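K.L.:
Please see the structure below; I have some questions.
Structure representation (structure tokens):
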């Protein structure tokens, strides 16, 4: 009896498998956006409006998937990458996302730009069970796998970055008296939270003073003086570029020499270091996770050669110093790994499952040693970074790759 | 027969607008039409003060934001049903409009335009302000739930939302049309065209302008509430300065001082940005600008003005 059940089970499953084989694409028909010949991917980007500099990411992704298609696509299918403009306005993100999901019928949304924009569609995407993969924002909230199963981040969050600074302080300057200057919004507050994560119970004892500023403030000079006055010998600045440049200058002007950590958001040479003064910024420490396209150290690097080859062929007129193209390439590589892992099952559930199943993925545009890892309980793909110090001419990486 | 039909065209139009899209269009397209209804009411508010009363406002996005936030906060913090937030939102926006109008309208013309513009610039930052953060949710904004159709109606949430917004918009248009056609409307236009004569007729100019401003803010605020329900999310970045400019564009394109024109204006601001983006992803703003200039060149009086001219020719 038992034997017969077993046999019939095997028979049934064989039949089922044969039925499946006999009708290729039958299973796919159930997944919107996936046909026998193509996979539709949607993306919202700020091609117009206040954040249109990020539009380069969208252009980079378009070029990347064109390259993928020229190389034969994935699973016998070509990628149909549909990117639309939302002008960085959340209501338009909602509208465009609904267009992509309901009208164009994409399989998933990739790398949508902006924290408020992704917040606006988060509930919709999760109610519809459409993957919202690798969102282009650094807020920490994009790793909330418990409440938002279908939403995943990509780049290291601000909070993880702050925890990396805390770890470095604990290791190299355990008696530090820390002062923190932060922008009074989610971006700035993520750094306070990250320091709490990293320092743990020692946070109260080690952080002697925190000072905040509003984006509308003209300067942050008095905050810097206050932090110095509180006896801090270590400074963390979580400020956007304009204020970051002011902070570097003021610290130099009052002849204060703290161990100086600066958010990665304000590590741009053009927007921060140059206005502050190349000499005045010497010793400022930040983190990086991607290779800087302007850094001479990567002139002969295999990964960056690969990227340059791609750029030369698919974006011949683009500005090679724009880090957004490096970013887009990294997102593209990660996405292709997910799709390759999908095998033949491109259902939304399996795409999400494979996105949460990345192990030690090496991306050519990330710093050597950084690997992408995800799991059903880790929705932060990049959790590693490397510290780097301004030496007067360039950012100089030092120490090991650190994770949080 | 023909005349009766002509007299009842708004009703016929409304019946058509309610039934046909609900049956024929996809949920996504219905959502777009919902936004058209929302923008139409917002532009209607602006039209009352700018078109009929001649006061240029570049800050109506601020009232739209107030309406949206009133609805979102009431739904999120106190669990008030979405429909019940509309009267409250109307009241608060009218008061806000009155208070803003009180000093602002004593400055005429271009100065008023600048004052209201300043209001629009300040709005996103005020919404992020620490003191209000407990209510407004700061930069994170507020996410609200989508209303379900009531009474077990056999339609989905998008269809219901469209019908609900359309119904509210229809009532607003009816009220506005009656307002401008009556005694008050004539006074509004008198203040716009001949302020000295209007004053001689016994109209208190400043008070009259302020009240008009309040009515206008109320309408735009209700639109904000409807918009928040449709989008299910409010955040400071949703109400940047550009929103006020967009409403103004809708007003001019539709036709200043034309009730029907506001609907065309709403269609324009909802669909033309998408059209521009399909033409060019490299510079959607430039394409939008060219379409806008072409439009104003071909129809200087807005679409309503062009139609009027056509009718006169025919």
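Chains as they are written, first to last, in the working numbering: chain F, 931 to 1334; chain S, 2 to 315.
We treat Cβ as the ideally placed atom computed from N, Cα and C, and that holds for glycine.
Keep in mind it's a predicted model, so treat the numbers as computed, not measured.
1. Could you tell me which uninterrupted alpha helix (DSSP H) segments, each at least 4 residues in length, are contained entirely in the segment 11–50 of chain S, listed from first to last along the chain?
2. Cβ closer than 9 Å: which chain S residues qualify as neighbours of residue 1024(F)?
3. May I ask you to verify whether the segment 970–983 of chain F touches the segment 1004–1016 of chain F, counting CB pairs closer than 8 Å and requiring at least 3?
4. Just to confirm the assignment: which complete alpha helix (DSSP H) runs, minimum length 4, are found wholly within the segment 1189–1246 of chain F?
5. Hey, out of 308(S), 25(S) and 235(S), whose CA is closest to residue 142(S)'s CA?
6. What are the residues that DSSP puts in a beta bridge with residue 1167(F)?
7. Using a Cβ-Cβ distance under 8 Å, would residue 1029(F) count as near chain S?
8. Counting beta carbon pairs with one atom in the segment 1068–1081 of chain F and one in the segment 90–98 of chain S, are three or more of them shorter than 8 Å?
9. Going by DSSP in three states, residue 956(F) sits in which element: helix, strand or coil?
10. Between the segment 26–54 of chain S and chain F, which residues of the former have a C-beta closer than 8 Å to a C-beta of the latter?
11. Which same chain residues end up closer than 7 Å to residue 174(S) when comparing Cβ atoms and leaving out the 5 residues on each side of it in sequence?
12. Any contact between the segment 24–35 of chain S and the segment 1326–1333 of chain F? By contact I mean 3 or more CB pairs, one from each, below 8 Å.
13. Run the CB neighbour count on residue 1144(F), radius 10 Å, all protein chains shown included, and call it buried at 16 or more, exposed below.
14. Give, in chain order, every residue of the segment 1031–1050 of chain F whose Cβ lies closer than 7 Å to some Cβ of chain S.
15. For residue 274(S) and residue 980(F), I'd like the C-alpha separation in whole angstroms.
16. Going by CA-CA distance only, name the one from 40(S), 57(S) and 107(S) that's closest to residue 205(S).
17. For residue 990(F), I'd like the list of residues in its chain whose CB is within less than 6 Å of its CB, leaving aside the five on either flank, ordered along the chain.
18. Does residue 1053(F) have its Cβ less than 8 Å from a Cβ in chain S?
19. Around the Cβ of residue 1314(F), are there at least 16 other Cβ atoms within 10 angstroms (buried) or fewer (exposed)?
20. Rounded to whole angstroms, what is the Cα-Cα separation between residue 1175(F) and residue 301(S)?
21. Which residue comes first and which comes last in the alpha helix (DSSP H) that contains residue 313(S)?
22. When you compare the CB positions of residue 1260(F) and residue 1293(F), do they come within less than 8 Å of one another, or not?
23. If you measure from the beta carbon of residue 226(S) to each beta carbon in chain F, is any gap under 8 Å?
24. Can you tell me the Cβ-Cβ gap for residue 210(S) and residue 181(S), rounded? I've got them flagged as a contact below 8 Å.
25. Nearest CA to the CA of residue 1191(F): which residue from 1316(F), 1222(F) and 1239(F)?
26. Can you give the Cα-Cα distance for residue 1041(F) and residue 1055(F), rounded to whole angstroms?
27. Mind reading off the beta-carbon distance from residue 1164(F) to residue 1122(F)? Whole number of angstroms is fine, and I expect it under 8 Å.
28. Mind pulling the alpha helix (DSSP H) runs of 4 or more residues that sit fully within the segment 71–111 of chain S?
29. Counting beta carbon pairs with one atom in the segment 1142–1161 of chain F and one in the segment 1207–1221 of chain F, are three or more of them shorter than 8 Å?
30. Quick check: what's the CA-CA separation for residue 1068(F) versus residue 1166(F)?
31. Taking the alpha-carbon of residue 294(S) as reference, which of 157(S), 279(S), 254(S) and 14(S) has the nearest alpha-carbon?
32. Please go through the same chain and pick out, in chain order, the residues whose beta-carbon is closer than 7 Å to the beta-carbon of residue 266(S), but skip the five residues on each side of it.
33. Just by C-beta distance, which residues in the segment 103–129 of chain S are closer than 7 Å to chain F?
34. Return the chain-ordered list of same chain residues with a C-beta closer than 8 Å to the C-beta of residue 945(F), the five sequence neighbours on each side being excluded.
35. Run down chain F in chain order and give the residues with a C-beta less than 9 Å from the C-beta of residue 144(S).
36. Taking only three categories from DSSP, how would you classify residue 1142(F)?
P.N.:
Well, looking at it:
1. 28–47
2. 32, 231, 232, 233 and 234
3. yes
4. 1232–1244
5. 235(S)
6. 1111(F) and 1192(F)
7. yes
8. no
9. Confidence at residue 956(F) is low in this model, with a pLDDT of 39, below 50, so the placement of that residue is unreliable and no value is reported for it.
10. 27, 28, 29, 30, 32, 33 and 36
11. 45 and 260
12. no
13. exposed
14. 1032, 1033, 1046, 1049 and 1050
15. 15 Å
16. 107(S)
17. 1255 and 1258
18. yes
19. buried
20. 48 Å
21. 303–314
22. yes
23. no
24. Not confirmed; about 15 Å, so no contact.
25. 1316(F)
26. 13 Å
27. That belief does not hold up - the Cβ atoms of residue 1164(F) and residue 1122(F) are roughly 15 Å apart, past 8 Å.
28. 83–105
29. no
30. 18 Å
31. 254(S)
32. 44, 251, 252, 254 and 255
33. 126 and 129
34. Model confidence at residue 945(F) stands at a pLDDT of 39, short of 50, so the residue's coordinates are unreliable and nothing is read from them.
35. 1049, 1050, 1052 and 1053
36. strand
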